[in-house]
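Novice: Under the working numbering, the letters of the sequence shown match residues 83 to 281, in that order.
We treat Cβ as the ideally placed atom computed from N, Cα and C, and that holds for glycine.
Values in this document were obtained by computation on a predicted structure and should not be read as measured data.
Right, I'll just put the structure down here and ask away after.
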Amino acid sequence: MRAIPEAVSRLIDEFSRLPGIGPKTASRLTFYLLRSPKEQSLTLAEAIGQLKERIILCSVCFNITESNPCAVCQDEGRERSLICVVEEPLDVLAIERTGEYHGLYHVLHGAISPMDGIGPAELRIRELLERLKSGLVKEVLIATNPNLEGEATAMYLARQITSLGIRVTRLARGLPVGGDLEYADAVTLTQALEGRREM
Ligand SMILES: [Zn+2]
């Protein structure tokens, strides 16, 4: 005899597979939904379903978007000679929140990490170098995370890009070492943008 109905244990299992959610939180979320109006569960399920249906990657910058090219790439008001390279779409959000950056972006979808088998070929680096060949870009601002993988990625990119004769800068002071860009507050990130240094 099962103490917990299958529909309940199944949802607990699914929640447990999400990052940062342990079995305890998974149970709490499941029983919360069980007690809530049916409407709430259906809305959540629909939102999850639409995520994969509506969201695509921009074919230019590889940020997540509902239209291709994305709103930033289409925006004529953006400085087209400057590209900010980040690891994840959430980093774009963090930098946009500062309101201080007006260039374009390029999302790598990760960082170089030999331990995890992630090399340059697993990231959107080839596409970035391809973009730079247009000759329009004068500066690449590397905003990978200030940790081991982020630094390794920055060094690799700097070598590739400076050989194309393009200026390479890196986010500077203020960012906590070992931290994640997406969690940096807007003030810290603004300082880092202003204090970017030559690579
Ligand atoms: Zn784009």
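#1: The alpha helix (DSSP H) spanning arginine 213 covers which residue range?
#2: Could you name the residues that DSSP lists as bridge partners for isoleucine 165?
#3: Along the chain, where does the beta strand (DSSP E) containing valine 174 start, and where does it finish?
#4: Terminal residues of the continuous beta strand (DSSP E) containing arginine 252?
#5: Give me the residue from Arg252, Ala193, Thr147 and Ala268 with the minimum Cα distance to arginine 278.
#6: Return yes when at least one heavy atom of ligand 1 lies under 8 Å from the C-beta of phenylalanine 113, else no.
#7: Going straight from the alpha carbon of isoleucine 194 to that of isoleucine 224, what length do you get?
#8: So is histidine 184 in contact with chain D if we call contact Cβ pairs under 9 Å?
#9: Tell me which residues share the same chain as glycine 104 and place their Cβ nearer than 8 Å to its Cβ, disregarding the 5 neighbours each side in the sequence.
#10: Looking at the secondary structure, which residues open and close the alpha helix (DSSP H) in which alanine 266 lies?
#11: Assess, as a yes-or-no matter, whether the segment 236-255 is touched by the segment 144-152 under the definition of 3 or more beta carbon pairs within less than 8 Å.
#12: Would you kindly work out how many angstroms separate the C-alpha atoms of glutamate 221 and alanine 129, rounded to a whole number?
#13: For ligand 1, which residues count as neighbours when the test is a C-beta closer than 6 Å to any heavy atom?
#14: Whole angstroms is fine: what's the gap from serine 216's alpha carbon to isoleucine 243's?
#15: CB-CB under 7 Å to glycine 192, same chain, minus the five flanking residues each way: which ones, in chain order?
#16: Within a Cβ cutoff of 6 Å, which residues of the same chain sit near threonine 180, ignoring the five residues on either side of it in sequence?
#17: Quick check on leucine 116: does DSSP put it in helix, strand or coil?
#18: Just confirm the distance between the C-beta atoms of leucine 115 and serine 123, as a whole number of angstroms; I'd bet it's less than 8 Å.
#19: Considering only the alpha carbon of each residue, which of Cys140, Gly102 and Phe113 lies closest to alanine 89?
#20: Cα separation between leucine 211 and valine 219?
Specialist: Taking the geometry as given:
#1: 207-214
#2: In the DSSP assignment, isoleucine 165 is bridged to Leu186 and Val222.
#3: Run containing valine 174: none in the beta strand (DSSP E); it sits in the alpha helix (DSSP H), 171-180.
#4: 249-252
#5: Arg252
#6: no
#7: 14 Å
#8: This model lacks chain D altogether; it includes just one protein chain.
#9: Ser98
#10: Looking at the DSSP string, alanine 266 is not in any alpha helix (DSSP H), and its letter there is neither H nor E.
#11: Below 8 Å, too few C-beta pairs join the segment 144-152 and the segment 236-255 to call them touching: fewer than three.
#12: Straight-line Cα distance between these residues: approximately 38 Å.
#13: Cys140, Val142, Cys143, Asn145, Pro151, Cys152, Val154 and Cys155
#14: 13 Å
#15: Glu169, Ile200, Glu204 and Leu205
#16: Ala268, Leu271 and Thr272
#17: helix
#18: 5 Å
#19: Phe113
#20: 11 Å
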